[in-house]
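**Student:**
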Amino acid sequence: DEIEYSDKYMDISYEYRHVILTRAIAKAMLKLTAGNRLLEEKEWRDLSVQQSRGWAHYEIHKPEPHILLFRRALGTDPITGQVPSGFAASGGA
Numbered sequence: 073d074e075i076e077y078s079d080k081y082m083d084i085s086y087e088y089r090h091v092i093l094t095r096a097i098a099k100a101m102l103k104l105t106a107g108n109r110l111l112e113e114k115e116w117r118d119l120s121v122q123q124s125r126g127w128a129h130y131e132i133h134k135p136e137p138h139i140l141l142f143r144r145a146l147g148t149d150p151i152t153g154q155v156p157s158g159f160a161a162s163g164g165a
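Just so you know, this note's numbering puts 133 at position 61 of the sequence shown, and the rest follows in order with no gaps.
#1: Compare the Cα-Cα distances from E74 to each of G147, Y81, A160 and Q122 and report the closest residue.
#2: Could you give the DSSP three-state label for A160: helix, strand or coil?
#3: If you reduce the DSSP assignment to three classes, tell me which class R143 lands in.
#4: So, for T105: in the same chain, excluding its five sequence neighbours on each side, which residues have a beta-carbon less than 7 Å away from its beta-carbon?
#5: Alpha carbon to alpha carbon, how far is G158 from Y77?
#6: Quick check: what's the CA-CA separation for H90 versus P156?
#7: Could you check whether H129 and L93 sit closer than 7 Å to each other, using their CB atoms as the reference points?
#8: With DSSP collapsed to three states, give me the class of I92.
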């Protein structure tokens, strides 16, 4: 069992991806959050989720809590996580 990462997809403001946790990691995540709050970056990294900088866990999909939904502003620097200056969301979820 390994964590699965989707391809990126986007709208006019954000790029998105979803991450499917293994059963064991999902149990650890639910123990941490009870499925009632978003994970901070340190928390999802501590659960072995690996991705470049700037991604934020932005939504909980209650029917499938083992699938984490991430997004980041288009143009975010993947090394520093810096959002482009003047970024203003004009779409997205």
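In this text, a Cβ means the ideal position worked out from N, Cα and C, and glycines have one as well. Since this is a predicted model, take the numbers as computed values, not measurements.
**Tutor:** The answer reads as follows:
#1: Q122
#2: coil
#3: strand
#4: L111
#5: 29 Å
#6: 22 Å
#7: no
#8: strand
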